[in-house]
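Colleague: Have a look at this one.
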Amino acid sequence: MGAMETAIVLAAGQGTRMRSALPKVMHRVCGVPLVHFVVQAALDAGCHEVVVVVGHGRTHVEDYLRGAFPGPRVRTAVQQEPRGTGDAARMGLAAADARATRVFIVNGDIPLVRGEDLRTVAATLDDTTPPADLAFATCVLDNPAGYGRVLRVASKVVEIREDRDLRSSEERAVGEINAGLYVAGAAWLRTALGALAPNNAQRELYLTDIVSHAHRTGKAVPTACLSADVLAGVNDRQQLADVEQTMHERLVRKWRLAGATVRDGARVEATVTLEPDATVEHGAVLRGTTHVARGATIDVGCVLTNVLVEPGATVKPYSVGTDSRIGARAQVGPFAHLRPETELGEEACVGNFVETKKTKMGRRAKANHLAYLGDGVIGDGANVGAGTIFCNYDGVQKHTTTIETGVFIGSDSQLVAPVTVGRDAYVATGTTVTRDVPPEALAIGRMRQENKEGYASKLRARLRAQKDAKAK
Ligand code: UD1
Ligand code: MG
Numbered sequence: 002m003g004a005m006e007t008a009i010v011l012a013a014g015q016g017t018r019m020r021s022a023l024p025k026v027m028h029r030v031c032g033v034p035l036v037h038f039v040v041q042a043a044l045d046a047g048c049h050e051v052v053v054v055v056g057h058g059r060t061h062v063e064d065y066l067r068g069a070f071p072g073p074r075v076r077t078a079v080q081q082e083p084r085g086t087g088d089a090a091r092m093g094l095a096a097a098d099a100r101a102t103r104v105f106i107v108n109g110d111i112p113l114v115r116g117e118d119l120r121t122v123a124a125t126l127d128d129t130t131p132p133a134d135l136a137f138a139t140c141v142l143d144n145p146a147g148y149g150r151v152l153r154v155a156s157k158v159v160e161i162r163e164d165r166d167l168r169s170s171e172e173r174a175v176g177e178i179n180a181g182l183y184v185a186g187a188a189w190l191r192t193a194l195g196a197l198a199p200n201n202a203q204r205e206l207y208l209t210d211i212v213s214h215a216h217r218t219g220k221a222v223p224t225a226c227l228s229a230d231v232l233a234g235v236n237d238r239q240q241l242a243d244v245e246q247t248m249h250e251r252l253v254r255k256w257r258l259a260g261a262t263v264r265d266g267a268r269v270e271a272t273v274t275l276e277p278d279a280t281v282e283h284g285a286v287l288r289g290t291t292h293v294a295r296g297a298t299i300d301v302g303c304v305l306t307n308v309l310v311e312p313g314a315t316v317k318p319y320s321v322g323t324d325s326r327i328g329a330r331a332q333v334g335p336f337a338h339l340r341p342e343t344e345l346g347e348e349a350c351v352g353n354f355v356e357t358k359k360t361k362m363g364r365r366a367k368a369n370h371l372a373y374l375g376d377g378v379i380g381d382g383a384n385v386g387a388g389t390i391f392c393n394y395d396g397v398q399k400h401t402t403t404i405e406t407g408v409f410i411g412s413d414s415q416l417v418a419p420v421t422v423g424r425d426a427y428v429a430t431g432t433t434v435t436r437d438v439p440p441e442a443l444a445i446g447r448m449r450q451e452n453k454e455g456y457a458s459k460l461r462a463r464l465r466a467q468k469d470a471k472a473k
């Protein structure tokens, strides 16, 4: 039988260097909190449980984890006081399944780590002879400042020494750092964590001291040297930005390999999905659960949050959409605003300066210019003219405007909801519709026009006389 594996994710620290009210592990990289990536990596590595140690801002972290990872595989343990990574690991181990034979410990602030990296470190432990109790991941950096350094004697790891505990410029010059990813036998780990003492600059229990513990008992500590592209830590805003850059490149490469065109300068969050032949132009920002289907194009400068874009649809430049659906081959924008619960049917058109909210448009329905369409139901093939407003709000309640199939709404019309315009009816330009319009009827409600022959010159003369009188 294979080893029963637990992962402990350390996520209880405040993250002082972020200078933020938000707990560090809840800061987002490509739209997703740091801790999410680390938990996902542990699950991908096949761990049978993941214990996330929470403390600072714990309810926030717990609420997030419950939503993102429902089910018993991901659990939390509480570290009451921030007494260091060693103390956090103790809390995690105490909460872990007692049957676990092997334990990964992963810092919650290394979001680039992947399941395969955990497996690499575990394989390093397995491949060591004579058998070792502990292995960890290292990285060689040009600028190792801030990280714990891996100190070796005759190539054997002796100790991890924290940056602020370094004693000489030789030690500071060591480029090999501890990445914050460890794997150990469970029984050995329990003993090693029990032996920790706060003998350091911060008066904390350092998890890293399990390395010198292993060395003192005569055991080798094997290491897996991995790239900074998978092990970079986030302690401040600059590192957050650096890591996000790497993560984004990774995501974009994945979508390009899958057949999507993603131009440089587009931003695609980690939760977004793209089909082959989807195109995302420069400066477009796709967030949340946005999905772009085959042949659809999101043009320059669009911002879409939780929007389903169906095959062949085009979202023209600088359009904004939220919690909406854009039907197959529909056209949106430029400069359109689809607010939550907009649903556009196949081949529907929403043009420039049109705002929709909680509005459903049927197949081939059109609103090509300058309109506010809130709380509406618009039938197939209906045409909504420029300047149309659905007056949906009476100051107290919202009401629905229903435009049935084939209706034509002339420009500059107002529809005072609740109101229904029946099938194939016609609303004349400039009409304020306050009563339902029967199917096939023409609704017209405006002043009758009067033309006064030759009156323009008389009018001008009168206006000039008024101006001269004022000047005197
Ligand atoms: C830690 C390592 C350092 C390593 C670096 C890699 C220690 C002592 N140092 O330093 O050797 O090079 O990571 O990125 O482990 N945490 C808790 N409880 C605490 C303190 C921290 O849960 O009491 C959590 C934090 O939320 C964080 C993780 O542990 O996710 C690491 O803590 P952090 O303060 O970032 O340690 P580093 O200074 O980065
Ligand atoms: Mg850190």
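In terms of this note's numbering, the sequence shown opens at residue 2 and continues consecutively. Using N, Cα and C, we set each Cβ at its ideal position, and we do this for glycine too. For clarity, every value in this text was computed on a predicted model and none was experimentally measured.
Mind checking who Y427 pairs with in its DSSP beta bridge?
Modeller: F409, L443
Colleague: Are the stretch 297 to 307 and the stretch 324 to 343 touching by the rule of at least three beta carbon pairs closer than 8 Å?
Modeller: Cβ pair count under 8 Å is three or more, so yes.
Colleague: Measure the CB-CB distance between G346 and R364 and report whether it falls below 8 Å.
Modeller: yes
Colleague: Given a threshold of 16 other Cβ atoms within 10 Å of its Cβ, counted over all protein chains shown, does K317 qualify as buried or as exposed?
Modeller: buried
Colleague: Only counting the same chain, and skipping five residues up and downstream in sequence, which positions put a Cβ closer than 6 Å to that of S414?
Modeller: T389, V428, T432
Colleague: Name the two residues that bound the continuous beta strand (DSSP E) containing H370.
Modeller: 367 to 375
Colleague: Quick check: what's the CA-CA separation for A89 versus V244?
Modeller: Looking at the two C-alpha atoms, the distance is approximately 24 Å.
Colleague: Do V75 and V53 count as a contact pair if the criterion is CB distance below 8 Å?
Modeller: yes
Colleague: Helix, strand or coil, according to DSSP, for I211 in the structure here?
Modeller: I211: helix per DSSP, three-state reduction.
Colleague: Report, in whole angstroms, the separation of the C-beta atoms of S325 and E311, which I expect to be a contact under 8 Å.
Modeller: Going by Cβ atoms, the distance from S325 to E311 rounds to 11 Å, so no, they are not a contact pair.
Colleague: Work out the CA separation of A221 and A133 for me, nearest whole Å.
Modeller: 6 Å
Colleague: If you follow the alpha helix (DSSP H) that V122 is in, where does it begin and where does it stop?
Modeller: Per DSSP, V122 is one residue of the alpha helix (DSSP H) stretching across 116 to 127.
Colleague: Got a sec, what are the start and stop residues for the alpha helix (DSSP H) A229 sits in?
Modeller: 229 to 232
Colleague: Answer yes or no: do A387 and L374 have a C-beta to C-beta separation smaller than 8 Å?
Modeller: no
Colleague: Per the DSSP calculation, E177 is bridged to which residue(s)?
Modeller: V141
Colleague: Could you check if M2 is buried or exposed, using at least 16 other CB atoms within 10 Å of its CB as the buried criterion?
Modeller: The predicted model places M2 with a pLDDT of 46, which falls under 50 and marks its position as unreliable; any figure quoted below should be read in that light. Burial call: exposed.
Colleague: Please identify the residue among R20, A46, A198, G234 whose C-alpha is closest to the C-alpha of V30.
Modeller: The shortest C-alpha separation from V30 is found at G234.
Colleague: Which value, in whole angstroms, describes the spacing of the CA atoms of G149 and E82?
Modeller: 22 Å
Colleague: Which residues share a DSSP beta bridge with C303?
Modeller: In the DSSP output, where bridge partners are listed per residue, C303 has none listed.
Colleague: Less than 6 Å between C-beta atoms, sequence neighbours within five positions excluded: which residues of the same chain meet that for L443?
Modeller: Y427
Colleague: Can you determine whether any heavy atom of the ligand MG sits closer than 7 Å to the C-beta of G149, and answer yes or no?
Modeller: no
Colleague: For K473, count the other beta carbons within 10 Å of its own beta carbon; 16 or more makes it buried, fewer makes it exposed. Which is it?
Modeller: If you draw a 10 Å sphere on the C-beta of K473, you find fewer than 16 other C-beta atoms in it, and that means exposed.
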